[in-house]
Structure formats: C-alpha cells, structure tokens
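Below, the structure written as structure tokens:
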C-alpha cells in the first residue's frame with residue numbers, strides 16, 4: 001500500500017507538461033500533428049537522447065558533467081581531421097570515440113582522486129576540449145565528404161531511421177548497465193549514500209571514473225551524428241548541448257539528491273524539449289526568439305520540478 | 001591549532017601575491033617596456049572589467065556557491081543600455097536601469113538558490129542560457145555602436161592620468177574588502193560558506209543572505225556591462241563571452257576556496273591582475289588566442305586541485 005503511493009508521487013510532472021505542450025501547439029498549428037512531423041521529431045530526438053543518457057547516469061551518481069559541449073565539438077573536429085589524414089572510416093570512428101571516452105575518464109580521475117567538485121572540473125574540461133578543437137582547426141571548420149555521412153543520418157533499415165535504431169540500441173545497453181549490473185547499482189549507490197558504499201568495501205573512484213568515461217563516450221557518439229549532419233567538424237558546434245542534456249535529465253525527473261530517477265524519464269524530458277523546438281518551428285517563431293523562449297520554459301520546468309519535490313520532502317518530514 | 005590554521009590561510013594569501021610578483025619579475029625580464037608607467041596603466045585598464053565581474057562573484061564563492069551567469073548578465077545589461085541610449089534616454093537614468101536590471105537578475109538567482117535550494121551551478125547556468133537567449137531576442141543579431149560621448153567616458157575617459165574604469169574597479173575593490181572584512185554581513189558570508197548548519201543555528205537568515213549576495217553579484221555584473229559597453233562604444237550579444245571562465249579563474253587564483261568560507265576580495269584583485277598579465281604576455285609573445293581557453297581551463301583545475309588537496313592535509 002505504502003509503496004504504491006510513493007510510486008504515484010514520483011510520477012514526473014513532465015508527462016502533463018508534454019501533453020499540454022502537444023495540445024497547445026496542435027491548436028495553434030494543426031500541421032504539427034502529422035505522421036511525417038512525428039517521424040521528424042523522432043529523428044531529432046536521437047542525438048539529444050544519447051547525450052542525455054550520459055548526463056542522466058552522471059546526475060544519478062550525484063555528479064554533473066558540463067563538458068559535453070566541448071567534447072562534442074572536439075569529436076566532430078577529430079573525426080573529420082582523422083579522415084582527412086587518410087585514416088579509414090572504421091578506425092577514425094573508433095579513435096574519435098576512444099578520445100571522447102578518455103576525456104571523460106580524465107575528468108573522472110580528477111574528480112574522484114582529487115575530491116574536486118565535478119562542475120568545476122568539467123567546466124575546465126569544456127574549456128580545454130573546445131580550445132583543442134579551436135587549435136586543430138585554427139578557428140574555422142574542417143570538411144570531408146563521404147557517403148557514410150548521409151547514410152548515417154538519413155538511412156533506413158526496414159523503414160526504421162538509422163539514428164533511431166542507434167539510439168534504441170544505446171538505450172538498451174544503458175538500461176542493462178544501470179539496472180542489471182553491479183556498475184549500475186554502484187551508480188545509484190553513489191547518489192544514495194556514499195558512506196554506505198565505502199563501508200561495503202566498494203571503490204567509489206572506479207565507479208565515478210566509469211560513469212564519466214561512459215558519458216564522454218555518449219558525447220563522442222553525439223559528435224559523430226552532428227558531424228554527419230553538417231558534413232564537417234566545427235569547434236563551436238557543440239556549444240549549449242550540455243544545457244539541453246542536463247535540462248532533459250532534470251525535467252525527466254532525475255534529481256541531484258538520493259539517486260532518484262532514471263533514463264526512462266529522460267526520454268520524456270528529451271521529447272518535451274524536441275517537441276517544444278519543433279513546435280515553435282512549425283508555428284513559425286523566428287529562430288532568434290527560440291533560445292530565449294525554450295531556455296525560459298526549461299528553467300521554469302526545472303523550478304516547478306524542484307518546487308514540487310521540495311514540497312513533498314517537507315511533507316514527508318512532518 | 002586555530003592559530004596555525006589562520007597562519008596557513010594568511011600564507012596562502014601571500015602565496016598568490018608572490019605569484020603576482022614572480023610574474024611581474026619574469027615579464028619585466030622578457031620585455032623592458034613592461035614596467036613602464038604607461039604599460040602598467042594599460043594592464044590595470046585591461047584588468048578592470050574582469051576585476052569588477054570577479055569581485056561580486058567572490059562573495060558568492062565565499063558562501064560555497066558559484067555564479068556562472070555574471071558574463072551573460074554583463075552582456076544583457078550592455079545590450080539593454082545601448083538600446084536605451086540609442087532611443088535618447090538620459091544617461092543617469094540609463095545607468096540606473098542597467099544596474100537595476102543586473103541586480104534584479106542576481107536576486108532571481110538568489111531566490112533559486114536560497115529559497116528553492118537549487119544547486120547554485122544549475123540555477124546560474126540555466127540563468128546564463130536564459131539571459132543569453134533574451135539578449136539574442138533584444139539584439140536580433142545586430143551590433144549597436146556610436147553611443148553618446150558622455151556615456152563612453154565611463155570606458156575611455158581619464159581622471160588625471162588614471163583611466164575611469166581603473167578608478168571604478170579600485171572603488172569596487174575597496175567596497176568589497178570593507179564589506180567582507182569589516183561588516184557583520186561579510187562575517188556571516190564566511191560562516192555560511194564554512195558551515196551552513198552552524199550558520200542556521202547561530203540565527204543567520206541563510207536564504208536572505210544568499211539572495212543579497214547573488215543580488216550584489218548581479219549588480220557588479222551590471223556595472224561591468226556598463227563599463228564594457230562604454231569602452232567598446234558598442235554592444236552585441238557575445239561581447240563578454242571571453243570573461244565567462246576567466247572570472248572563476250580570477251577568483252580561485254586569488255585564493256578564494258570554491259568550497260567556501262575562505263579567501264577575500266584582495267586575493268581576487270591579485271587573481272585578476274595575474275590572469276590579465278598572463279593573457280597579455282601570451283598576446284605579446286604572439287601565442288595564438290585559440291590556446292587561451294586551454295590555459296584557463298588548465299589553470300582553474302590545477303588551482304582548485306591544489307586548494308582541495310592542501311585542505312585535506314590539514
């Protein structure tokens with residue numbers, strides 16, 4: 001009986017926000033509610049969902065990763081640069097993803113071994129990675145042409161868009177990692193009660209390094225998708241993605257305290273962000289207005305979420 | 001015991017001062033023009049806007065928080081002010097509006113952190129994105145230039161041989177040194193940063209203090225935005241982007257601990273000077289400006305690393 005009420009209470013407000021958003025946009029612009037547009041939305045979901053899965057795992061462990069933007073930019077630049085050096089496609093992808101994961105691992109090592117707040121380490125890392133991307137490209141874009149780019153973004157297997165298949169596989173793997181492995185249990189443990197984790201003889205720093213490497217890897221994969229889309233590497237293309245990823249995570253009901261939430265809610269958070277953006281486009285709001293509008297709505301959604309959970313925890317205390 | 005801690009804290013303050021002296025010494029060896037009065041004044045002027053931004057941030061960091069929105073607020077205030085000046089509004093009114101807008105955004109940050117208990121970096125990072133978005137809406141991608149001369153005086157004018165921005169930065173620094181070290185409010189900030197529970201039990205209204213200090217941080221960001229706009233004689237959305245991480249770097253180099261409760265405004269003055277000189281020398285030596293973000297990221301991580309590890313050893 002008690003369990004049931006707790007579950008109901010934990011239902012994220014994102015569900016009704018999503019419903020209200022879809023209804024309002026459909027009323028203003030009926031063309032939003034079309035199968036073709038839904039397919040569009042699903043394709044747009046892919047890169048943001050991948051990065052947000054990484055962000056969710058980091059936040060579940062009560063840390064934060066602000067370096068996504070820099071790592072994404074660096075990944076696009078590295079990949080294209082490797083290809084320009086004549087490295088074969090498969091190897092170039094592998095090297096790029098390895099580099100992204102290594103950046104995450106370095107952050108994780110500094111955070112766990114040094115005991116430094118993760119926001120400052122990853123903020124510094126964001127600056128370093130985008131600086132490296134700037135140095136490699138000398139401030140401009142690098143280009144390469146290959147049919148793989150088009151297939152990667154626009155291809156379909158049995159009517160399923162390839163980005164969607166990719167994100168489904170990544171979600172499946174991440175779900176298994178989180179809920180079916182020791183590593184996953186340790187992530188929730190980091191967010192829940194760190195002292196208990198140490199008492200249980202678990203090496204906290206290993207799990208932290210693991211989480212940050214994984215989120216670095218996610219940033220790398222997102223970088224590959226973005227680079228394929230713009231068919232180039234650009235040292236500033238990732239800017240702002242870290243905000244979207246964190247926003248999607250928080251709106252999806254994952255909170256910084258007590259390991260609450262999970263990657264399921266993050267899907268809804270990502271959907272809400274993409275629906276809002278797509279909706280504003282369909283309605284015809286100029287791009288210049290969108291970042292301010294979406295930023296405000298996102299901050300409002302986070303405030304509502306925090307407010308609701310504060311209210312609940314105060315009631316529990318009483 | 002408490003004595004030795006105090007001595008160590010003082011030594012740390014001296015440490016950054018020695019850092020500054022060492023850098024000045026090396027620089028004067030590298031370039032014989034470096035120690036000329038004119039060059040020193042140039043460096044002071046270059047550091048003034050960074051310093052004003054970082055001083056407000058210092059108060060927030062003393063409480064164990066962070067304000068990542070200061071440079072975005074500065075740009076927003078700069079753009080607002082430029083728009084109003086173009087409309088022909090009187091300068092004193094425009095300055096007042098600019099400062100009020102900055103303080104209001106800061107107070108909003110304070111409400112999110114103090115009342116809603118949001119983690120400071122989430123609240124202020126979100127605020128940064130929102131404020132940037134509104135700057136974009138206001139400017140529509142344009143650049144405003146050709147502001148009234150009596151306004152640009154704040155950025156390019158002189159009083160005697162001292163540039164106005166330097167005088168403003170100096171006054172701001174004095175204000176903060178007194179605020180942190182000589183007032184109850186300042187003492188409460190330190191207590192808040194070292195132990196929030198203790199602060200609560202000693203009847204300090206934590207949320208009110210947080211709202212005030214984030215408001216002050218917004219106010220100094222507004223002031224920096226005004227001076228920057230006056231100096232550039234122009235305003236655009238990305239005008240203060242470079243200051244984003246530099247402010248955090250200036251504060252931590254100056255010896256204010258990101259964990260809160262330790263440091264002060266004088267350290268930040270030194271931190272801002274060190275950072276400006278380093279960037280200046282990199283420019284003089286012809287090092288590509290693309291490397292600067294790498295250096296600044298590296299400096300922040302290393303400085304905080306040293307701070308945290310020395311704290312552990314205590």
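Chains as they are written, first to last, in the numbering used here: chain A, 1 to 318; chain B, 1 to 314. From the three backbone atoms N, C-alpha and C, an ideal C-beta is built for every residue, glycine too. Nothing here was measured: the structure is a model prediction, and the numbers come from that model.
Practice problem: Give the C-beta separation of residue 129(A) and residue 74(A) to the nearest angstrom, bearing in mind that I take them to be a contact with Cβ-Cβ under 8 Å. | Solution: 4 Å
Practice problem: Run the CB neighbour count on residue 236(B), radius 10 Å, all protein chains shown included, and call it buried at 16 or more, exposed below. | Solution: buried
Quiz prompt | residue 138(B), enclosing alpha helix (DSSP H) - first and last residue | solution = 120-139
Practice problem: With residue 163(A) as the anchor, note down where its alpha helix (DSSP H) starts and where it stops. | Solution: 162-180
Exercise. Go through its chain and collect everything with a Cβ distance to residue 13(A)'s Cβ below 7 Å, but skip five positions before and after it.
Key: 304, 305, 308
Quiz prompt | Residue burial classification, residue 203(A) (beta-carbon count within 10 angstroms, cutoff 16) | solution = exposed
Exercise. Please decide whether residue 171(B) counts as near chain A, where near means a Cβ-Cβ distance under 8 Å.
Key: no
Exercise. Give the C-beta separation of residue 173(B) and residue 51(B) to the nearest angstrom, bearing in mind that I take them to be a contact with Cβ-Cβ under 8 Å.
Key: 7 Å
Exercise. Could you tell me whether the Cβ atoms of residue 54(B) and residue 166(B) are closer together than 8 Å?
Key: no
Exercise. With 9 Å as the limit, tell me which residues of the segment 276-290 of chain B have their beta carbon closer than that to any beta carbon of chain A; keep them in chain order.
Key: 288, 289, 290
Exercise. Could you tell me the distance, in whole angstroms, from the CA atom of residue 132(B) to the CA atom of residue 159(A)?
Key: 40 Å
Practice problem: For residue 225(B), I'd like the list of residues in its chain whose CB is within less than 8 Å of its CB, leaving aside the five on either flank, ordered along the chain. | Solution: 73, 74, 75, 76, 77, 78, 81, 98, 102, 240
Quiz prompt | residue 289(A) at chain B interface by Cβ criterion, 8 Å | solution = yes
Practice problem: With residue 147(A) as the anchor, note down where its alpha helix (DSSP H) starts and where it stops. | Solution: 147-154
Quiz item: Leaving out the 5 sequence neighbours to the left and right, which residues in its chain are closer than 8 Å to residue 146(A) when beta-carbon positions are compared?
Solution: 83, 89
Quiz item: Of all the options 104(B), 140(B), 86(B), which has the alpha carbon lying nearest to the alpha carbon of residue 222(B)?
Solution: 104(B)
Exercise. Spell out a yes or no on whether the segment 245-264 of chain B and the segment 185-200 of chain B are touching, meaning 3 or more CB-CB pairs, one atom from each, closer than 8 Å.
Key: yes
Quiz item: Looking only at C-alpha atoms, which of 175(A), 290(A), 52(A), 223(A) sits nearest to residue 152(A)?
Solution: 223(A)
Practice problem: In angstroms with no decimal places, state the Cα-to-Cα distance between residue 116(B) and residue 310(A). | Solution: 8 Å
Exercise. Answer with yes or no whether the minimum CB distance from residue 92(B) to chain C is below 8 Å.
Key: The chain inventory of the structure shown lacks chain C, comprising the protein chains A and B.
Quiz item: CA-CA distance, residue 16(A) and residue 199(B)?
Solution: 39 Å
Quiz item: Does the separation of the CB atoms of residue 311(B) and residue 258(B) fall below 8 Å?
Solution: no
Exercise. Check the DSSP bridge columns for residue 163(B) and list the partner residues they point to.
Key: 158(B)
Practice problem: Would you tell me roughly how many angstroms separate the C-alpha atoms of residue 65(A) and residue 238(A), rounded to the nearest one? | Solution: 14 Å
Quiz prompt | Neighbour-count burial assignment, residue 283(B), 16 or more Cβ in a 10 Å radius | solution = exposed
Quiz item: Is residue 68(A) closer than 8 Å to residue 245(A) when the C-beta atoms are compared?
Solution: yes
Self-check item: residue 207(B): first and last residue of the uninterrupted alpha helix (DSSP H) it sits in
Solution: 206-232
Quiz item: Are the beta-carbon atoms of residue 251(A) and residue 178(A) separated by less than 8 Å?
Solution: no
Quiz prompt | Exposure of residue 154(A), with buried meaning 16 or more beta-carbon neighbours within 10 Å | solution = exposed
Quiz prompt | Proximal residues, the segment 103-128 of chain B versus chain A, C-beta separation under 8 Å | solution = 112, 116, 117, 118, 119, 121, 122, 125, 126, 127
Self-check item: Proximal residues, the segment 69-91 of chain A versus chain B, C-beta separation under 9 Å
Solution: 70
Self-check item: For residue 191(A), three-class secondary structure by DSSP
Solution: helix
Exercise. Indicate whether residue 294(B) and residue 72(A) have their beta-carbon atoms separated by less than 8 Å.
Key: no
Self-check item: N- and C-terminal bounds of the alpha helix (DSSP H) containing residue 247(A)
Solution: 241-251
Practice problem: Look up residue 265(B) in the DSSP assignment and say whether it is helix, strand or coil. | Solution: helix
Quiz item: Using a Cβ cut-off of 9 Å, which residues of the segment 142-172 of chain B contact any Cβ in chain A, in chain order?
Solution: none
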